[in-house]
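In what follows, a single structure is set out as structure tokens and then discussed.
Residue numbers (our numbering): 8 to 255.
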């Protein structure tokens, strides 16, 4: 208020001289002169006070839910405690006695052997088996297993014996021995099932013709050998036998 009074005083002093003649002595005029400056001061002072901006209130949607009171849970009555039940044990049943086995009688009864028949028949257990029993005949004996036959061994033995026979029966040509010609001649031939020798030929000759001819003639002169063994089960054999000529 002191500041307002000072301002009004200053304004009163600075008013133009035009208004000086109008000094109003009345009380209402004095109030007007003092009220106008006070109003002006109020207008000047009011903007100095800070004003807070009012923020709008935020509204939220609230959902209203009807809450129903749940009924209190029904308490089930507790089961009564188990009572001790005494069970009566059944007495053990006696096992039935085993059936009595009666001896089976075989043969004719004693009543069937009356003297009126005029024939003496043995009574009692005359048969060792009941009449209803059928005796089956014994099965025939199984055939004996055939002995193992080594076919390869039989064939090798047959050819080896023939090679030894030809080696012992060969003839060394006199001229070839004198010239000291020697070598090995391979002779091929066929033996029929009855032992006959056919198709004689020289498959590997020596350097000397005398020895080759002598080896071929040795096999041809043999002409027959023992029949082919039945274990081989072949109609004929084609073999090659070496004939060795060596000067001692």
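Here a beta-carbon is modelled for each residue, glycine too, at the ideal position from N, C-alpha and C.
Sorting 150, 233 and 239 by C-alpha distance to the C-alpha of residue 201 places 233 at the top.
Ranking 189, 83 and 244 by CA distance to the CA of residue 165 puts 244 first. Secondary structure of residue 223 (DSSP, three-state): helix. Nearest to residue 180 by C-alpha distance, out of 247, 218, 242 and 42, is 218.
Under the criterion of beta carbons closer than 8 angstroms, residue 210 and residue 195 qualify as touching, at roughly 5 angstroms. Beta-bridge partners assigned by DSSP to residue 249: 193.
For residue 225 against residue 178, the beta-carbon gap comes to about 6 angstroms, under 8 angstroms, which counts as contact. In this structure, the beta-carbon distance from residue 162 to residue 229 does not fall below 7 angstroms. Counting along the chain, residue 161 sits inside the alpha helix (DSSP H) bounded by residues 158-176. Between residue 191 and residue 251, the gap from beta carbon to beta carbon is short of 7 angstroms. Straight through space, the alpha carbons of residue 206 and residue 199 are spaced by roughly 10 angstroms. Our two residues, residue 159 and residue 176, have alpha carbons roughly 26 angstroms apart in a direct line. In this structure, the beta-carbon distance from residue 249 to residue 169 does not fall below 7 angstroms.
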